[in-house]
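Engineer: In full-length UniProt numbering, the protein residues as written are 1 to 336.
Cβ atoms here follow ideal geometry from the backbone N, Cα and C, with glycine treated the same way.
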Amino acid sequence: MEVFTEAEKKRKSVTELMMSSLDREREEFNSSYDQIVENFKVTSSKTLQELIVNQQKGYEEMVKKRDPVAFSAYRTSSQSLSSNVEVIFDKVWTNVGNGYNPNTGIFTVPRTGLYHLTAVILSKSGTEFYPRLYHNKVHLSGSYITGDGYKTGTFDVVFSLQKGEQVYIAGSYVESIIDSKIFPDEDFYPTFSNHIFGMKDFKGMMEKRETVAFSAYRSSSQALSSGEKVIFDGLWTNVGNGYEPSTGVFTAPYPGLYHLTAVVVSTHGNSLGLYLCHNGLRMTRSYLSGDGYKTGTFDVVFNLQKGDTVHIDGDGGHPIFSTSSKYVTFSGYRIT
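(1) Would Y333 be called buried (16 or more neighbouring beta carbons within 10 Å of its own) or exposed?
(2) Is K163 buried or exposed, if buried means 16 or more other CB atoms sit within 10 Å of its CB?
(3) Contact check, I320 vs L276 under 8 Å by CB: the rounded distance?
(4) Taking contact to mean 3 or more Cβ pairs, one atom from each stretch, closer than 8 Å, check whether the segment 297 to 311 and the segment 257 to 267 are in contact.
(5) Got a sec, what are the start and stop residues for the beta strand (DSSP E) Q166 sits in?
(6) Just grab the DSSP bridge partners of R75 for me.
(7) Is the separation between the beta-carbon of E105 and that of V69 shorter than 8 Å?
(8) Between the alpha carbons of M283 and E50, how many angstroms are there, rounded?
(9) Distance cutoff 8 Å, beta carbons only. Does K137 sit that close to anything in chain C?
(10) Going by DSSP, which residues form a beta bridge with K137?
(11) Rounded to whole angstroms, what's the CA-CA distance from Q35 to R24? Just pull it up for me.
(12) Comparing C-alpha positions only, which one of T247, Y287, N84 and L235 sits nearest to G317?
(13) Are there 16 or more other CB atoms within 10 angstroms of the CB of G273, so buried, or fewer, so exposed?
(14) Closest to R75 by CA distance: which of Y293, I88, T127 and F232 is it?
(15) Could you give the first and the last residue of the continuous beta strand (DSSP E) run that contains G227?
(16) Can you tell me whether K306 is buried or exposed? The criterion is at least 16 other CB atoms within 10 Å of its CB, across all chains shown.
(17) Along the beta strand (DSSP E) that carries K91, what are the first and last residues, could you check?
(18) Might you give, ordered along the chain, the residues of its own chain that have their beta carbon closer than 7 Å to the beta carbon of Y327, omitting 5 neighbours on each side?
(19) Could you give the DSSP three-state label for E128: helix, strand or coil?
(20) By how many angstroms is the C-alpha of S289 removed from the C-alpha of S331?
(21) Pull the bridge partners of V212 from the DSSP assignment, please.
(22) Is G227 closer than 8 Å to A216 when the C-beta atoms are compared?
(23) Using C-beta distances below 8 Å, list every residue in its chain close to P245, excluding the 5 sequence neighbours before and after it, in chain order.
(24) What are the boundary residues of the beta strand (DSSP E) that includes H116?
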């Protein structure tokens with residue numbers, strides 16, 4: 001028969017008490033752990049759901065803010081114009097964002113951003129026509145159309161516009177010319193178009209995607225020798241600081257695809273030859289000749305590397321024509 005000493009009995013009793021205590025603690029731990037896991041699941045599910053809702057709201061807000069804005073309108077009949085009377089492009093092909101009003105001829109900016117605005121105008125045969133581009137009732141640029149036959153004038157600019165601002169084209173009073181004619185025929189319609197390509201992000205800053213845009217003009221005539229650069233000495237827009245008005249040269253601050261345009265005008269009755277140059281190489285030419293003042297254009301898309309340059313130069317001969325009405329312009333922006 002096993003006989004336990006008093007010390008052994010005491011040790012056994014203490015051991016049993018310890019095991020019993022450990023069992024109770026294990027049960028309490030398991031119960032607490034289960035509760036912690038359950039609470040974590042509930043909290044995580046709630047947090048995840050909130051995160052999903054917030055992300056959806058952010059995405060919807062981003063989509064709303066990035067909605068495109070674009071319009072393209074045209075005119076289907078002649079219109080007599082006196083000073084400051086708006087050209088009414090009364091028909092619309094495109095009006096995304098509903099910024100253009102075909103009843104008034106005015107584009108009202110629905111969203112702050114960078115806008116590329118263009119227009120093509122046709123004068124009636126043998127009629128002088130001096131349309132102007134206005135921003136908030138301030139004359140910014142003009143087109144000068146004179147001479148025999150039908151003449152085409154062009155606007156092509158890039159502006160940074162704020163929500164609610166207005167842009168339109170109107171006639172101007174020059175000497176005894178009170179009424180001018182804007183004239184389409186069955187094959188040609190004067191047009192007025194634009195689109196937004198740079199918008200604001202949630203913090204009100206221009207989207208951080210290396211945005212580049214410039215629009216420059218010349219406010220006086222310039223005599224040009226062969227190879228001499230046209231100096232567009234005034235600036236409306238220079239996001240990215242790529243254009244230098246003292247040299248007439250645009251230097252790409254980032255690599256990418258760039259849309260580059262220019263509008264040029266010859267002096268009365270004289271020819272004008274100009275080249276658009278990339279890194280000093282002549283890429284394409286505009287040549288104007290005949291009676292009156294003639295308008296020429298450049299419109300290209302180049303794949304530029306950082307540091308590449310683009311400018312316009314003359315081939316010798318007659319000057320490029322402009323006045324304070326800013327008839328000649330040079331613009332561009334980074335597409336991607």
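Structural biologist: Taking the definition as stated:
(1) Here residue 333 is taken as the residue at index 333 of the sequence shown, counted from 1. Classification for Y333: buried.
(2) By 1-based counting over the sequence shown, the position of residue 163 is 163. Flag for K163 reads exposed.
(3) Locating residue 320 in the sequence shown gives position 320, where the first residue counts as 1. Locating residue 276 in the sequence shown gives position 276, where the first residue counts as 1. That pair is no contact at about 13 Å.
(4) yes
(5) Counting from 1 along the sequence shown, the entry for residue 166 is found at position 166. Here the beta strand (DSSP E) through Q166 covers Q166 to A170.
(6) Counting from one through the sequence shown, the residue named residue 75 turns up at place 75. Per DSSP, none; premise fails for R75.
(7) To locate residue 105, count along the sequence shown from 1; it is residue 105. To locate residue 69, count along the sequence shown from 1; it is residue 69. Here residue 105 turns out to be Gly, not Glu, going by the sequence shown. No, Cβ-Cβ distance for G105 and V69 is not below 8 Å.
(8) Reading the sequence shown from its first residue, position 283 is the one you call residue 283. Reading the sequence shown from its first residue, position 50 is the one you call residue 50. Going from the Cα of M283 to the Cα of E50 covers about 56 Å.
(9) Annotation note: the requested chain C is absent from the structure, which comprises a single protein chain.
(10) The sequence position of residue 137 within the sequence shown is 137, counting from 1. Partner(s): none; K137 has no beta bridge.
(11) Taking the sequence shown and counting its residues from 1, the one referred to as residue 35 is at position 35. Taking the sequence shown and counting its residues from 1, the one referred to as residue 24 is at position 24. Distance between the alpha carbons of Q35 and R24 is about 17 Å.
(12) To locate residue 317, count along the sequence shown from 1; it is residue 317. The option with the nearest alpha carbon to G317 is Y287.
(13) Position 273 of the sequence shown, counted from the start, is the residue given in the question as residue 273. So G273 ends up on the buried side.
(14) Residue numbering aside, residue 75 sits at position 75 when the sequence shown is read from its first letter. It is I88.
(15) Locating residue 227 in the sequence shown gives position 227, where the first residue counts as 1. Where G227 is concerned, the enclosing beta strand (DSSP E) stretches over S226 to K229.
(16) Reading the sequence shown from its first residue, position 306 is the one you call residue 306. When all chains shown are included, K306 counts as exposed.
(17) The residue you call residue 91 lines up with position 91 of the sequence shown. K91 -> beta strand (DSSP E) spans K91 to V96.
(18) The residue you call residue 327 lines up with position 327 of the sequence shown. The residues are G142, S143, Y144, V265 and F321.
(19) Sequence index remark: in the sequence shown, residue 128 carries index 128 (1-based). Residue state, collapsed to three classes: coil.
(20) Taking the first residue of the sequence shown as position 1, residue 331 is located at position 331. Taking the first residue of the sequence shown as position 1, residue 289 is located at position 289. The straight-line gap from Cα to Cα measures roughly 24 Å.
(21) On the sequence shown, position 212 is the one that residue 212 refers to. In the DSSP output, where bridge partners are listed per residue, V212 has none listed.
(22) For the purposes of this step, residue 216 is taken as the residue at position 216 of the sequence shown. For the purposes of this step, residue 227 is taken as the residue at position 227 of the sequence shown. In this structure, G227 does not lie closer than 8 Å to A216 by Cβ.
(23) Translated into positions along the sequence shown, residue 245 becomes position 245. Contacts found: A216, I231, F232, D233, G234 and L235.
(24) Along the sequence shown, one-based indexing puts residue 116 at 116. H116 -> beta strand (DSSP E) spans G113 to L122.
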